[in-house]
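Engineer: Counting in numbering that gives the first Met the number 0, the first sequence runs from 0 upward without gaps.
Yeah, the Cβ is synthetic: ideal placement off N, Cα and C, and Gly gets one too.
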Amino acid sequence: MSSDRYPFREIEAKWQGIWEARNQFRVTEDPSKPKFYCLEMFPYPSGRIHMGHVRVYAIGDVLARYKRMRGFNVLHPMGWDAFGLPAENAAIEHGVHPAIWTYENIDHMRAQLKKMGLSYDWDREVATCDPAYYKWEQLVFIKMLERGLAYRKRSRVNWCPSCQTVLANEQVEAGRCWRCDTEVTQKDVDGWFFKITKYADELLEWCERLPGWPERVMTMQRNWIGRSEGAEFDLPVAGRAGLAARVFTFIADYVLMGYGTGAIMAVPGEDQRDWDFAAQHGLPIIETVARPAGFTGQAYTGDGVKINSGFLDGLTVAEATRKAIDWLVARGLGEARVNYRLRDWGISRQRYWGAPIPVVYCDRHGMVPEKEENLPVVLPRDVQISGKGSSPLAEVASFVNAKCPVCGGPARRDTDTMDTFVESSWYFLRYCSPRYDQGMFERQAAEYWMPVDQYIGGIEHAVLHLLYARFYTKVLRDLGLVKVDEPFLGLLSQGMVIKDGAKMSKSKGNVVDPDDLIRSLGADTARLFSLFAAPPERDLDWNDHGVEGASRFLNRVWRFVIGHAEELRTAPRRAAGPLSEAGRAFRRTIHETIARVTTDIENEFHFNTAISAIMEMVNALHAFDAAAAAPREERLALTREAVETLLLLVGPFCPHIAEELWSALGHAESVFAQRWPEEEPAALARDEVTVVVQVDGKVRSRLTVEVGAPDERVRERALADDKVRPWLAGRRVARVVVIPGRLVNVVTRAD
RNA sequence: GCUGGUGUAGCCCAAUCGGCAGAGGCGACCGACUUAAAAUCGGUUCAGUGGGGGUUCGAAUCCCUCCACCAGCACCA
0 MSSDRYPFRE IEAKWQGIWE ARNQFRVTED PSKPKFYCLE MFPYPSGRIH
50 MGHVRVYAIG DVLARYKRMR GFNVLHPMGW DAFGLPAENA AIEHGVHPAI
100 WTYENIDHMR AQLKKMGLSY DWDREVATCD PAYYKWEQLV FIKMLERGLA
150 YRKRSRVNWC PSCQTVLANE QVEAGRCWRC DTEVTQKDVD GWFFKITKYA
200 DELLEWCERL PGWPERVMTM QRNWIGRSEG AEFDLPVAGR AGLAARVFTF
250 IADYVLMGYG TGAIMAVPGE DQRDWDFAAQ HGLPIIETVA RPAGFTGQAY
300 TGDGVKINSG FLDGLTVAEA TRKAIDWLVA RGLGEARVNY RLRDWGISRQ
350 RYWGAPIPVV YCDRHGMVPE KEENLPVVLP RDVQISGKGS SPLAEVASFV
400 NAKCPVCGGP ARRDTDTMDT FVESSWYFLR YCSPRYDQGM FERQAAEYWM
450 PVDQYIGGIE HAVLHLLYAR FYTKVLRDLG LVKVDEPFLG LLSQGMVIKD
500 GAKMSKSKGN VVDPDDLIRS LGADTARLFS LFAAPPERDL DWNDHGVEGA
550 SRFLNRVWRF VIGHAEELRT APRRAAGPLS EAGRAFRRTI HETIARVTTD
600 IENEFHFNTA ISAIMEMVNA LHAFDAAAAA PREERLALTR EAVETLLLLV
650 GPFCPHIAEE LWSALGHAES VFAQRWPEEE PAALARDEVT VVVQVDGKVR
700 SRLTVEVGAP DERVRERALA DDKVRPWLAG RRVARVVVIP GRLVNVVTRA
750 D
């Protein structure tokens with residue numbers, strides 16, 4: 000590794016200091032400007048940032064800085080998803096209090112993020128473990144309780160024996176705990192539920208109305224909600240009123256009791272499981288859907304026309320389903336019924352490090368919510384965390400023993416805490432007015448900033464956090480607190496960071512530490528490579544040589560600009576006379592680059608191709624400088640235009656080097672106070688284009704033709720071309736296809 | 001099994017409406033500079049787009065089919 004790299008350590012520290020001293024990224028509501036709320040999923044303060052964080056925060060920062068330069072008032076906040084089990088595990092393993100562990104981690108990770116040069120309004124930082132934060136969530140809990148949106152029941156739940164707590168359905172992955180991968184067992188437990196099923200239809204409908212979301216996330220949410228329509232009816236065990244045939248009835252542990260009624264109708268002809276069951280028990284198998292020609296399987300599960308089904312014969316499966324439901328309803332035999340796969344959200348966790356559930360149990364009055372003026376119900380500091388037995392809070396007498404809000408008599412507090420996904424279901428609202436102490440958030444601030452215009456985070460939250468946050472926002476709307484129906488207008492699900500074919504992990508030994516990288520090559524290089532190596536939605540293959548390449552590019556930019564800074568400071572902004580041919584071509588490259596970078600950022604966040612366009616321009620800049628084909632004055636003017644454009648375009652990606660070089664050119668203002676450049680149509684104009692000439696689809700020649708040349712002329716020139724004529728010898732021209740400005744294809748036949 | 005995605009050069013990735021397969025980076029190789037090396041600069045190399053079929057003047061792109069990999073769902077009737 001070379002020693003003559005540009006002084007990234009000094010300039011990165013310098014500009015981070017200047018931005019902070021100037022409060023450059025602090026924002027307030029400003030109705031005179033269009034707003035843009037740019038949000039990345041906040042991290043869990045696990046201790047250190049990893050490359051996945053570098054990637055997602057680099058993506059968000061490019062967007063935030065770019066939008067500011069486009070004139071938007073940009074809200075770009077950061078905070079901490081600070082409750083959670085790892086803090087308790089640390090307490091068990093190292094005897095550190097979860098609060099101390101968490102806040103120390105936050106301090107460390109904040110410092111790490113600051114070294115990345117991210118343009119956050121740090122004044123809005125929140126930590127969800129702060130009582131001033133979770134107080135409002137307790138208040139909303141009470142309001143949900145009043146409206147029947149939060150309820151308590153005993154139920155069979157998913158239990159993680161390792162985490163010693165209940166898990167929601169969404170938190171079980173293939174029968175294992177989403178966090179620790181332990182096999183999940185079943186257990187009967189009393190607990191609190193949020194009535195997310197009440198919003199199932201609305202959550203589903205809005206899946207069609209969020210075009211800024213990736214289709215795959217919406218598909219996953221639709222599948223998760225799992226709406227299905229059918230009918231529910233009583234099947235008389237004897238008598239069989241109105242039903243045509245005898246039906247066998249089995250009682251067996253063959254079905255899911257928790258879904259629907261626990262009774263099913265078996266259709267062995269059209270369901271392989273039922274086929275197997277029928278075959279095993281010697282039952283008749285009646286085909287009720289016509290098999291397509293050539294079908295050789297047993298049960299047929301595809302679509303088709305009904306047969307052997309009386310009045311349903313001849314209909315498709317979907318039509319028959321609807322008609323059968325109508326038939327049952329019309330005869331009063333049953334009713335239409337919608338079932339969902341989605342279950343209510345179980346939020347009780349038998350853990351310490353979470354927001355207390357603000358209810359007490361009184362011998363006289365039963366379950367009673369805490370009074371509003373007594374909120375927050377503060378998590379007690381003094382607690383023994385052993386990792387064994389029941390909820391740690393149950394052992395804290397001073398917490399458990401409470402007064403009944405109704406009668407003042409002795410009562411016991413609920414000793415469970417809320418699922419930490421509750422905190423992350425509204426933090427984006429808290430950022431709008433993070434220090435507001437009269438409520439969850441200030442109404443006007445939320446009305447100005449919400450919804451989040453662009454949300455960025457990992458695909459692993461496709462149905463967890465993203466579904467909960469959508470639900471919670473709708474609850475807040477129905478409580479009259481917010482106006483928006485949905486929290487996130489656009490969603491970008493970024494891919495994982497991979498190295499040597501696997502996700503980075505300690506056990507695989509393929510971890511790249513962001514601190515090491517920033518120390519050895521700088522934050523701008525770390526950002527540049529993580530943005531350049533792949534489009535954001537795809538997995539990123541980390542490659543140390545590739546990182547070197549990113550560093551090399553920034554060094555190249557540095558050397559060129561510093562080497563020319565002095566003459567560029569006094570260079571004319573525009574060349575006096577008309578440009579030379581070389582000058583016109585170079586200026587076109589500059590403006591084409593502006594157009595490409597802008598569309599790449601705007602459409603689909605293709606930062607990788609935006610960066611490659613910038614690299615091309617830098618290559619062109621070196622070539623233009625070396626060739627010295629234009630007069631000196633013109634060369635200086637164009638070099639100045641190119642370099643200034645370059646720094647503006649590079650700024651969102653690599654902000655420190657852009658600021659330093661911008662100031663080296665004599666500018667007093669921040670590069671981020673500049674307007675994003677716009678391409679000049681006149682600079683893009685060409686008089687001539689290259690047209691490819693094909694004979695029978697194979698490229699045989701190229702023509703340079705003036706823009707707007709009539710097809711007929713281009714056709715004649717193509718046919719007369721020296722490189723084309725030999726391919727026409729002995730053949731007849733059957734057809735000539737002319738695509739203006741692009742290509743000519745001469746189609747021939749044998750003579 | 002179902003659903004969605006991906007498959008282009010040795011590697012990471014590009015390629016507007018179907019119109020020159022290659023922009024950028026990495027690697028390798030050659031040259032310049034150097035006593036030498038590093039760094040730097042310049043250049044060269046390399047695939048016919050996972051396989052097969054179809055539509056078209058023309059297909060990485062559209063259609064059919066098969067394969068591989070990734071992700072989600074999966075006794076939800």
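Mapping the DSSP letters down to three states, classify S2 as helix, strand or coil.
Structural biologist: Looking up residue 2 in the first sequence gives position 3. Confidence at S2 is low in this model, with a pLDDT of 48, below 50, so its placement is unreliable and the value that follows should be read with caution. Coil.
Engineer: Just how far apart, CA to CA, sit A717 and D710?
Structural biologist: Walking along the first sequence from the start, residue 717 turns up at place 718. Walking along the first sequence from the start, residue 710 turns up at place 711. For A717 and D710, the distance between alpha carbons rounds to 10 Å.
Engineer: Can you tell me whether A149 is helix, strand or coil according to DSSP?
Structural biologist: The sequence position of residue 149 within the first sequence is 150, counting from 1. If DSSP states are grouped into helix, strand and coil, A149 belongs with the strands.
Engineer: Touch check for the segment 354-366 and the segment 104-120: three-plus C-beta pairs under 8 Å?
Structural biologist: No, the segment 354-366 is not in contact with the segment 104-120.
Engineer: Classify R215 as buried or exposed, calling it buried when 16 or more other Cβ atoms lie within 10 Å of its own Cβ.
Structural biologist: Position 216 of the first sequence, counting from 1, holds the residue named residue 215. Looking at its Cβ environment, which holds fewer than 16 other Cβ atoms inside 10 Å, R215 is exposed.
Engineer: By DSSP's criteria, V474 is part of a beta bridge. Which residues make up the other side?
Structural biologist: Counting from one through the first sequence, the residue named residue 474 turns up at place 475. In the DSSP output, where bridge partners are listed per residue, V474 has none listed.
Engineer: Suppose the cutoff is 8 Å on Cβ atoms and the five residues either side in sequence are ignored; what does the same chain contact list for I497 look like?
Structural biologist: Within the first sequence, the letter at position 498 stands for residue 497. Answer for I497: M503, D538, L539, D540 and W541, listed in chain order.
Engineer: Determine the burial state of R340: buried for a count of at least 16 other Cβ atoms within 10 Å of its Cβ, exposed for fewer.
Structural biologist: As a first step, residue 340 is located in the first sequence; it is residue number 341 there, counting from the start. By the neighbour-count rule (16 or more Cβ atoms within 10 Å), R340 is not buried but exposed.
Engineer: Under 8 Å: do the segment 149-165 and the segment 124-136 share three or more Cβ pairs, one atom per stretch?
Structural biologist: Counting Cβ pairs under 8 Å, fewer than three are found: no touch.
Engineer: I'd like to check one pair, G521 with E124: are the Cβ atoms closer than 7 Å?
Structural biologist: Numbered from 1 along the first sequence, position 125 holds the residue referred to as residue 124. Numbered from 1 along the first sequence, position 522 holds the residue referred to as residue 521. Result no, Cβ atoms of E124 and G521 do not sit closer than 7 Å.
Engineer: Would you identify the three-state DSSP class for S700, choosing helix, strand or coil?
Structural biologist: As a working mapping, residue 700 is identified with position 701 in the first sequence. S700 falls in the strand class under three-state DSSP.
Engineer: Take L778 as the anchor and find which of A581, R290, S45 and A323 has the nearest alpha-carbon.
Structural biologist: Only positions 0 to 750 of the chain appear in this structure, which leaves residue 778 out of reach.
Engineer: Check the C-beta distance from V743 over to V732 and give it rounded, since I have them as a contact under 8 Å.
Structural biologist: Sequence index remark: in the first sequence, residue 743 carries index 744 (1-based). Sequence index remark: in the first sequence, residue 732 carries index 733 (1-based). V743 to V732, Cβ: 11 Å. No contact.
Engineer: Could you tell me the distance, in whole angstroms, from the CA atom of C403 to the CA atom of G94?
Structural biologist: In the first sequence, residue 403 corresponds to position 404, counting from 1. In the first sequence, residue 94 corresponds to position 95, counting from 1. C-alpha separation (whole angstroms): 34 Å.
Engineer: If you compare alpha carbons, which of A86, R674, M77 and A667 is closest to W121?
Structural biologist: If you number the first sequence from 1, residue 121 lands on position 122. Closest option to W121, Cα to Cα, is M77.
Engineer: What residue from F193, T689 and Q437 has the CA that sits closest to S347's CA?
Structural biologist: Here residue 347 refers to the residue found at position 348 when the first sequence is read from its first residue. The shortest C-alpha separation from S347 is found at F193.
Engineer: Can you list, in chain order, the residues of its chain with a C-beta nearer than 8 Å to that of L635? Leave out the 5 residues immediately preceding and following it.
Structural biologist: Locating residue 635 in the first sequence gives position 636, where the first residue counts as 1. Once the five neighbours on either side are set aside, the close Cβ partners of L635 are E566, L567, A570 and P571.
Engineer: With DSSP collapsed to three states, give me the class of P409.
Structural biologist: Along the first sequence, one-based indexing puts residue 409 at 410. Here P409 sits in strand by DSSP.
Engineer: Between the segment 417-434 and the segment 447-458, do at least 3 Cβ pairs fall closer than 8 Å?
Structural biologist: Touching, yes, given that three or more Cβ pairs across the two stretches are closer than 8 Å.
Engineer: May I ask which residues mark the beginning and end of the beta strand (DSSP E) holding P85?
Structural biologist: Start at 1 with the first residue of the first sequence, and residue 85 comes out as number 86. Where P85 is concerned, there is no enclosing beta strand (DSSP E), although the alpha helix (DSSP H) it sits in stretches over L84 to H93.
Engineer: Taking the alpha carbon of P725 as the reference point, which residue from V377, L392 and Q693 has its own alpha carbon closest?
Structural biologist: Working through the first sequence from its first residue, we reach residue 725 at position 726. It is Q693.
Engineer: With DSSP collapsed to three states, give me the class of A575.
Structural biologist: The residue you call residue 575 lines up with position 576 of the first sequence. Three-state result, A575: coil.
Engineer: So the alpha helix (DSSP H) M108 belongs to, where does it begin and stop?
Structural biologist: Locating residue 108 in the first sequence gives position 109, counting from the first residue. P97 to K114 is the span of the alpha helix (DSSP H), which, as asked, contains M108.
Engineer: In whole angstroms, what separates the C-alpha of F71 from that of E643?
Structural biologist: Position 72 of the first sequence holds residue 71. Position 644 of the first sequence holds residue 643. Distance between the alpha carbons of F71 and E643 is about 22 Å.
Engineer: Considering only their Cβ atoms, is the gap separating A657 from V649 smaller than 7 Å?
Structural biologist: Numbered from its first residue, the first sequence carries residue 649 at position 650. Numbered from its first residue, the first sequence carries residue 657 at position 658. For V649 and A657, yes; Cβs fall inside 7 Å.
Engineer: Which first and last residues belong to the alpha helix (DSSP H) in which V566 is found?
Structural biologist: As a first step, residue 566 is located in the first sequence; it is residue number 567 there, counting from the start. Rather than Val, the amino acid found at residue 566 in this sequence is Glu. Element bounds for E566: D543 to R568.
Engineer: Going by beta carbon distance, what residues of the same chain come within less than 8 Å of L62, once the five residues before and after it are set aside?
Structural biologist: Walking along the first sequence from the start, residue 62 turns up at place 63. Contacts found: C37, Q453, I455, I600, F604 and P651.
Engineer: Using a Cβ-Cβ cut-off of 8 Å (strictly less than) and excluding sequence neighbours within five positions of S579, which residues of its own chain qualify?
Structural biologist: Mapped onto the first sequence, residue 579 falls at position 580. Hits under 8 Å: A628, A629, P630 and E633.
Engineer: Alpha carbon to alpha carbon, what distance is there between L466 and E204?
Structural biologist: To locate residue 204, count along the first sequence from 1; it is residue 205. To locate residue 466, count along the first sequence from 1; it is residue 467. Taking the straight line from one Cα to the other gives about 13 Å.
Engineer: Applying the criterion that 16 or more other CB atoms from any shown protein chain within 10 Å of the CB defines a buried residue, is S2 buried or exposed?
Structural biologist: For this step, residue 2 is matched to residue 3 along the first sequence. Unreliable placement is indicated for S2, whose pLDDT of 48 sits below 50; no coordinate value is reported for it.
Engineer: Could you have a look at Y133 and say whether DSSP puts it in helix, strand or coil?
Structural biologist: As a position in the first sequence, residue 133 is number 134, starting the count at 1. Correct three-state label for Y133: helix.
Engineer: Hey, how far is the Cα of Y471 from the Cα of M417?
Structural biologist: As a first step, residue 471 must be located in the first sequence, where it is residue number 472. As a first step, residue 417 must be located in the first sequence, where it is residue number 418. Spanning the two alpha carbons is a distance of roughly 14 Å.
Engineer: Can at least three beta-carbon pairs, one atom from the segment 179-197 and one from the segment 373-381, be found at a separation below 8 Å?
Structural biologist: No, because fewer than three Cβ pairs between the segment 179-197 and the segment 373-381 fall closer than 8 Å, the two stretches do not touch.
Engineer: If you drop the 5 nearest sequence neighbours on each side, which residues of the same chain put their C-beta closer than 7 Å to that of M366?
Structural biologist: Your numbering for residue 366 matches position 367 in the first sequence. For M366, where only same-chain residues beyond five positions count, the Cβ hits under 7 Å are R151, V358 and Y360.
Engineer: Which residue or residues does DSSP assign as beta-bridge partners of V73?
Structural biologist: Your numbering for residue 73 matches position 74 in the first sequence. Partner(s): F35.
Engineer: Should P97 be labelled buried (16 or more other beta-carbon atoms within 10 Å of its own) or exposed?
Structural biologist: As a first step, residue 97 is located in the first sequence; it is residue number 98 there, counting from the start. Buried, because 16 or more other Cβ atoms sit within 10 Å of the Cβ of P97.
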